[in-house]
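K.L.:
Below is a structure I'd like to ask you about.
2 protein chains.
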Amino acid sequence: MQKHLLAAVAAASLVLPAAAQANHHENSVAGQADHALDHDTAAWDFLEGITTEVGPRQAGTPDEARGRQWAVDWLNAHGFDNVADEPFTMRTWVRGEEEARITAPFAQPMYITALGNTASTGAEGITAEVVYFPTYADLVAAPGGSLAGKIAFISHDMRPTQDGSGYGFAGPARWTGPSVAASKGAVATVIRSIGTERHRTPHTGGTTFAEGVEPTPAGALSNPDADNLERMFARADGQPIMMHLTLTPQWLGETTSGNVVGEIAGRDPSLPPVLVACHLDSWDLGTGAIDDAAGCGIVAAAALNVAEAGQPLRTIRVLMAGAEETGLWGSEAYSAAHIDEPIAVGLESDFGADRIWRFESNFRESNPNLHARLAQSVVRFGVANSTSVATGGADINISRDQGGAIIDLQQDGTRYFELHHTPDDTLAMVDPEQLRQNVAVWTQVVGILANEADDIQTGE
Amino acid sequence: MQKHLLAAVAAASLVLPAAAQANHHENSVAGQADHALDHDTAAWDFLEGITTEVGPRQAGTPDEARGRQWAVDWLNAHGFDNVADEPFTMRTWVRGEEEARITAPFAQPMYITALGNTASTGAEGITAEVVYFPTYADLVAAPGGSLAGKIAFISHDMRPTQDGSGYGFAGPARWTGPSVAASKGAVATVIRSIGTERHRTPHTGGTTFAEGVEPTPAGALSNPDADNLERMFARADGQPIMMHLTLTPQWLGETTSGNVVGEIAGRDPSLPPVLVACHLDSWDLGTGAIDDAAGCGIVAAAALNVAEAGQPLRTIRVLMAGAEETGLWGSEAYSAAHIDEPIAVGLESDFGADRIWRFESNFRESNPNLHARLAQSVVRFGVANSTSVATGGADINISRDQGGAIIDLQQDGTRYFELHHTPDDTLAMVDPEQLRQNVAVWTQVVGILANEADDIQTGE
Numbered sequence: 001m002q003k004h005l006l007a008a009v010a011a012a013s014l015v016l017p018a019a020a021q022a023n024h025h026e027n028s029v030a031g032q033a034d035h036a037l038d039h040d041t042a043a044w045d046f047l048e049g050i051t052t053e054v055g056p057r058q059a060g061t062p063d064e065a066r067g068r069q070w071a072v073d074w075l076n077a078h079g080f081d082n083v084a085d086e087p088f089t090m091r092t093w094v095r096g097e098e099e100a101r102i103t104a105p106f107a108q109p110m111y112i113t114a115l116g117n118t119a120s121t122g123a124e125g126i127t128a129e130v131v132y133f134p135t136y137a138d139l140v141a142a143p144g145g146s147l148a149g150k151i152a153f154i155s156h157d158m159r160p161t162q163d164g165s166g167y168g169f170a171g172p173a174r175w176t177g178p179s180v181a182a183s184k185g186a187v188a189t190v191i192r193s194i195g196t197e198r199h200r201t202p203h204t205g206g207t208t209f210a211e212g213v214e215p216t217p218a219g220a221l222s223n224p225d226a227d228n229l230e231r232m233f234a235r236a237d238g239q240p241i242m243m244h245l246t247l248t249p250q251w252l253g254e255t256t257s258g259n260v261v262g263e264i265a266g267r268d269p270s271l272p273p274v275l276v277a278c279h280l281d282s283w284d285l286g287t288g289a290i291d292d293a294a295g296c297g298i299v300a301a302a303a304l305n306v307a308e309a310g311q312p313l314r315t316i317r318v319l320m321a322g323a324e325e326t327g328l329w330g331s332e333a334y335s336a337a338h339i340d341e342p343i344a345v346g347l348e349s350d351f352g353a354d355r356i357w358r359f360e361s362n363f364r365e366s367n368p369n370l371h372a373r374l375a376q377s378v379v380r381f382g383v384a385n386s387t388s389v390a391t392g393g394a395d396i397n398i399s400r401d402q403g404g405a406i407i408d409l410q411q412d413g414t415r416y417f418e419l420h421h422t423p424d425d426t427l428a429m430v431d432p433e434q435l436r437q438n439v440a441v442w443t444q445v446v447g448i449l450a451n452e453a454d455d456i457q458t459g460e
Numbered sequence: 001m002q003k004h005l006l007a008a009v010a011a012a013s014l015v016l017p018a019a020a021q022a023n024h025h026e027n028s029v030a031g032q033a034d035h036a037l038d039h040d041t042a043a044w045d046f047l048e049g050i051t052t053e054v055g056p057r058q059a060g061t062p063d064e065a066r067g068r069q070w071a072v073d074w075l076n077a078h079g080f081d082n083v084a085d086e087p088f089t090m091r092t093w094v095r096g097e098e099e100a101r102i103t104a105p106f107a108q109p110m111y112i113t114a115l116g117n118t119a120s121t122g123a124e125g126i127t128a129e130v131v132y133f134p135t136y137a138d139l140v141a142a143p144g145g146s147l148a149g150k151i152a153f154i155s156h157d158m159r160p161t162q163d164g165s166g167y168g169f170a171g172p173a174r175w176t177g178p179s180v181a182a183s184k185g186a187v188a189t190v191i192r193s194i195g196t197e198r199h200r201t202p203h204t205g206g207t208t209f210a211e212g213v214e215p216t217p218a219g220a221l222s223n224p225d226a227d228n229l230e231r232m233f234a235r236a237d238g239q240p241i242m243m244h245l246t247l248t249p250q251w252l253g254e255t256t257s258g259n260v261v262g263e264i265a266g267r268d269p270s271l272p273p274v275l276v277a278c279h280l281d282s283w284d285l286g287t288g289a290i291d292d293a294a295g296c297g298i299v300a301a302a303a304l305n306v307a308e309a310g311q312p313l314r315t316i317r318v319l320m321a322g323a324e325e326t327g328l329w330g331s332e333a334y335s336a337a338h339i340d341e342p343i344a345v346g347l348e349s350d351f352g353a354d355r356i357w358r359f360e361s362n363f364r365e366s367n368p369n370l371h372a373r374l375a376q377s378v379v380r381f382g383v384a385n386s387t388s389v390a391t392g393g394a395d396i397n398i399s400r401d402q403g404g405a406i407i408d409l410q411q412d413g414t415r416y417f418e419l420h421h422t423p424d425d426t427l428a429m430v431d432p433e434q435l436r437q438n439v440a441v442w443t444q445v446v447g448i449l450a451n452e453a454d455d456i457q458t459g460e
């Protein structure tokens, strides 16, 4: 930290009004937040329960439906009001057999997993020459038709970043790489996993084929396998590298998913509620612990903690969205169903279970006093203020659609993409201490918001 | 470190004769060792080459045969003398389909891999109630017949240890657990992986069924899955936990494996050679980088480095054994074939690629001067002397069978059982700096041994 910045921080502390200092009274929101930091058990209880008793909860499948029922039961058991499962329908894609092996010149198997929305190779699989693209840009630059009959290999490498910005750098290889390759004639695409670790656990995730591009098979190799394939190109001395690929996913057609909701009813039902969101569905490879049972545990625990400090002024509505992973279906369905019910402010937790390090809102200019009060309230938990403008997570479409107030409690994403969409997204990877820091920060922030009489966005 | 020990070490240093101090002359063995510490490329070249161009090398399979040919070519290309592939036959077991899922009361899939030498469930699999044993001792204590029709779950947990002693603590759950369970009527056994990490990568490995016990299916769950299964028992409230298990390994009958040998010919062929060993085969899940391509790279690189310092007095014989993982077949075959050819001293590298931290011999009492000289020569690489008696690795049966001299250059095993026998045994997990430290230590030790005129064991 630079000296002039240190001085500025010190000066700011001196001039803060007493009211802006955290109130540590035991029955206050601040007291609840402090208590949560060391003692919260609700978030862990949710997280352990759903990962143990339900496990993977892929969107649109019976596993996700069991997850919804489990969440409904949990919310009811913990005294939430107006608990409901709001169904919607969606197109559902499921994984099949998955096998990749290099057949020449260096025969060996590789660990692969199919990407969501991709096509099947058929049970017999396909064998084709692999064409190597070190980056997404290299693929984009390839001439039209140049991949006819080939398997494209996009090896765009990802590095960890605290704010998750590495996903924006590497993500296109998955999000649209297979479509770009298919548009140039590729019969299939394999990508380096969009992940930052070197384990043999490939990272799945959705991909989208552009209008008019026929979907092809596509999968992600684990990072060590992508490393190995790169080395093969370096050692093959121009010999073609041949891969046999079997991926047999299928579309199940329209199936039912749903959004689970529950409330801590506020004292004044005429005031718009505070919406705290997460998603219940997960990819099928892991047990969906960090993505996103942790988020659901955090927001639900925070709502309970705020209620412990006394019935809040505004209702706190918990939205555990369905079918986020396969296209934000739940977020869209929720917004469509509730667009006419104003939301005071929306917040989402969906970036793992590591500590919150930064506070952002989209009303720092329109309601500077509240922004400052909120930011100041969580400094004691190691959370920094920011001038970045919050844009909200995937599950709060409704706040964006309404043009409403949004807060982002940014989590440390340094480890997140080691686990994201892999078999390793399990309870074993959750740090209970950091999980509780999340609950503490959420309790503090939601507690202030739910007891704020003035409009969140304008302060009026 | 305690004060009196520090004093003893300081005193010892003062009285060492000048000749025992490391000689850093560039063309000396010590100079070669020092150079290897920062610059060795041969070990990495072997390791990268065989893991990239061959990959998994399961004993008795065509993959292992390709590995032998690759090693023969590499040894010839690097100027080794008398390179040969010495074949032997063995019974060969190979993996089939692998699937485990809990069907009630908490349905979800689990990651499992079959243990070597186990039986098949048949393609349809079996469904049975799981009986939980927290430790191996709990299983042993179970009454005879009490597991009739059940699947035994042995959840004996392992902790990392620098010297690998945790393997002795936890290993019996794999080595004989399935046999013990079968003897009490179990239709199958699942164990917690014998491993120290929390990744979704189960650890395979061999198991042995006692005489008269019919082999059953048996597999290892990944550690997070074993954790999850334990939690299910805690939450099931007495309901039976049912598992569907499909494991379809098979015996291929007698197939051919082989030992690859090569030599740095010494100046005096009448002197018994120094035997440096490793194993070429690997389990099929990873690419056999730390187990044990690294060991082969280390011993071969050390032999080359010693030769660089001038033709050694004694021949250095490299033994890259076949079929270690499935029962030390190669080590036995080598000993049987060569028992009448005296070995001066045997050393093996087969505990990963992390740094060597301790020097042990079995001639500290019979040839104290040489033991002290060797130990002192590697202190500069961070290697401690020890009074532990070396017993040698799996691949130097011949030294044990001959009652000969043995040295153990003990590697840091803290990380080893995170990777051991898993898909994660890949090049990505090798630290090049620690690999080079191994080569440096081996170069120094083998260089002294290969230039020692007196009998290694007796000093006469």
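So the sequences go chain by chain: A and B.
Okay, so the first sequence: first residue is 1 according to full-length UniProt numbering, each after it adds one.
Okay, so the second sequence: first residue is 1 according to full-length UniProt numbering, each after it adds one.
Don't be surprised by glycine CBs; every beta carbon is placed ideally from N, CA and C.
Assuming residue 147 of chain A contacts residue 131 of chain A under a Cβ cut-off of 8 Å, what Cβ separation, rounded to an integer in Å, is found between them?
P.N.:
With a Cβ gap of about 6 Å, residue 147 of chain A and residue 131 of chain A count as contacting.
K.L.:
Between which residues of its own chain and residue 163 of chain B is the CB-CB distance below 7 Å, once the five residues before and five after are set aside?
P.N.:
Contacts found: 410, 413.
K.L.:
Using 9 Å as the threshold, is the C-beta distance between residue 270 of chain A and residue 345 of chain A below it?
P.N.:
No, these two residues do not count as a Cβ contact at 9 Å.
K.L.:
Give, in chain order, every residue of the region 390–416 of chain B whose Cβ lies closer than 9 Å to some Cβ of chain A.
P.N.:
If the cut-off is 9 Å between Cβ atoms, the region 390–416 of chain B has nothing near chain A.
K.L.:
Let's see if you can read the secondary structure: which residues bound the beta strand (DSSP E) around residue 462 of chain B?
P.N.:
Summary: the structure shown does not reach residue 462 of chain B, with chain B confined to residues 1 through 460, and so no result is reported for it.
K.L.:
Nearest to residue 100 of chain A by CA position, among A:111, A:134, A:28, is which residue?
P.N.:
Closest by alpha carbon: A:111.
K.L.:
Would you say residue 127 of chain B reaches chain A, if we count a Cβ-Cβ gap shorter than 9 Å as a contact?
P.N.:
So, not an interface residue.
K.L.:
Compare the Cα-Cα distances from residue 347 of chain A to each of A:278, A:246, A:292 and report the closest residue.
P.N.:
Residue 347 of chain A has its Cα closest to that of A:278, out of A:278, A:246, A:292.
K.L.:
Counting only beta-carbon atoms, is residue 24 of chain A nearer than 9 Å to chain B?
P.N.:
In this prediction, residue 24 of chain A scores a pLDDT of 47, lower than 50, which makes its location untrustworthy; no coordinate-derived value is stated.
K.L.:
How would you list, in chain order, the residues of chain B whose beta-carbon sits under 8 Å from the beta-carbon of residue 250 of chain A?
P.N.:
Neighbours of residue 250 of chain A on chain B: none; closest Cβ ~18 Å, over 8 Å.
K.L.:
Under 7 Å between beta-carbons, which chain A residues line up against residue 141 of chain B? List them in chain order, please.
P.N.:
Those do not exist, as residue 141 of chain B stays about 27 Å from chain A at its closest Cβ, beyond 7 Å.
K.L.:
Less than 9 Å between CB atoms is the rule here; does residue 3 of chain A satisfy it with respect to chain B?
P.N.:
Below a pLDDT of 50, predicted positions are generally treated as unreliable, and residue 3 of chain A, at 41, falls in that range; the measurement from the model is reported next regardless. Taking Cβ atoms only, chain B never reaches closer than 9 Å to residue 3 of chain A, which makes this a no.
K.L.:
Give, in chain order, every residue of the region 418–437 of chain A whose Cβ lies closer than 8 Å to some Cβ of chain B.
P.N.:
Under the 8 Å Cβ criterion, the region 418–437 of chain A contributes 422, 423, 424, 426, 427, 428, 429.
K.L.:
Our contact map puts residue 47 of chain B next to residue 294 of chain B with C-beta atoms below 8 Å; I'd like the distance itself, whole angstroms only.
P.N.:
Confirmed, Cβ separation roughly 6 Å.
K.L.:
Could you compute how far the alpha carbon of residue 333 of chain A sits from the alpha carbon of residue 321 of chain A?
P.N.:
Their backbone Cα atoms lie some 9 Å apart in a straight line.
K.L.:
Could you check the C-alpha separation between residue 405 of chain B and residue 137 of chain B for me, to the nearest Å?
P.N.:
Taking the straight line from one Cα to the other gives about 36 Å.
K.L.:
Considering only residues of the same chain and omitting the five flanking positions on each side of residue 63 of chain A, which have a CB-CB separation below 6 Å?
P.N.:
Within the same chain, residue 63 of chain A has close Cβ partners 56, 57.
K.L.:
Return no unless some Cβ of chain B is closer than 9 Å to the Cβ of residue 169 of chain A.
P.N.:
It does not: the Cβ of residue 169 of chain A has no partner Cβ on chain B nearer than 9 Å.
K.L.:
Take residue 172 of chain B and list the residues in its own chain whose beta-carbon comes closer than 6 Å to its own, dropping the five residues that flank it on each side.
P.N.:
Excluding positions up to five away in sequence, the list reads 136.
K.L.:
Interface residues of chain B around residue 133 of chain A at Cβ under 8 Å?
P.N.:
Within 8 Å Cβ-Cβ: nothing; residue 133 of chain A doesn't reach chain B, min ~19 Å.
K.L.:
Hey, does residue 21 of chain B have any beta-carbon neighbour from chain A nearer than 9 Å?
P.N.:
The predicted model places residue 21 of chain B with a pLDDT of 43, which falls under 50 and marks its position as unreliable; any figure quoted below should be read in that light. Not an interface residue.
K.L.:
Identify, in the order they occur along the chain, each residue of the same chain with its Cβ nearer than 6 Å to the Cβ of residue 455 of chain B, setting aside the five sequence neighbours on each side.
P.N.:
There are no such residues.
K.L.:
Strictly by DSSP, which residues pair up with residue 257 of chain A?
P.N.:
Paired residue(s): A:88.
K.L.:
Taking C-beta pairs closer than 9 Å, name the residues in chain B that residue 232 of chain A reaches, listed in chain order.
P.N.:
Neighbours of residue 232 of chain A on chain B, chain order: 52, 53.
K.L.:
Determine whether the beta carbon atoms of residue 427 of chain B and residue 51 of chain B lie at a separation below 9 Å.
P.N.:
It is a contact, given that the beta carbons lie within the stated cut-off.
K.L.:
Based on the DSSP secondary-structure assignment, which residues constitute the bridge partners of residue 330 of chain A?
P.N.:
Answer is none; residue 330 of chain A lacks a bridge partner.
K.L.:
Ignore the nearest five residues each way along the sequence and tell me which others in residue 224 of chain A's own chain have a CB closer than 7 Å to its CB.
P.N.:
Counting only Cβ-Cβ distances below 7 Å, and skipping sequence neighbours, we find 198, 200.
K.L.:
If you draw a straight line from the alpha carbon of residue 214 of chain A to that of residue 222 of chain A, how long is it in whole angstroms?
P.N.:
Answer to the nearest angstrom: the Cα atoms are 25 Å apart.
K.L.:
With a Cβ-Cβ cutoff of 9 Å, do residue 247 of chain A and residue 217 of chain A count as a contact?
P.N.:
Closer than 9 Å, so yes.
K.L.:
Note down, in chain order, all residues in the region 262–285 of chain B with a beta-carbon under 9 Å from any beta-carbon belonging to chain A.
P.N.:
Within the region 262–285 of chain B, the qualifying residues are 284, 285.
K.L.:
Roughly how many whole angstroms lie between the Cα atoms of residue 259 of chain B and residue 330 of chain B?
P.N.:
C-alpha separation (whole angstroms): 6 Å.
K.L.:
Inspect the CB distances between the region 147–161 of chain B and the region 61–75 of chain B and report whether three or more fall short of 8 Å.
P.N.:
Verdict: no, contact absent.
K.L.:
Using a C-beta to C-beta distance shorter than 9 Å, which residues of chain A count as neighbours of residue 201 of chain B?
P.N.:
Correct list: 199, 200, 201, 423, 424.
K.L.:
Using the rule of at least 16 other Cβ atoms within 10 Å of the residue's Cβ for burial, across every protein chain shown, is residue 433 of chain B buried or exposed?
P.N.:
Exposed.
K.L.:
How is the alpha helix (DSSP H) around residue 49 of chain A delimited, first residue to last?
P.N.:
Note, residue 49 of chain A: alpha helix (DSSP H), 42–53.
K.L.:
Quick check: residue 69 of chain A and residue 45 of chain A, are their CB atoms within less than 9 Å of each other?
P.N.:
Against a cut-off of 9 Å, the Cβ pair of residue 45 of chain A and residue 69 of chain A comes out as no contact.
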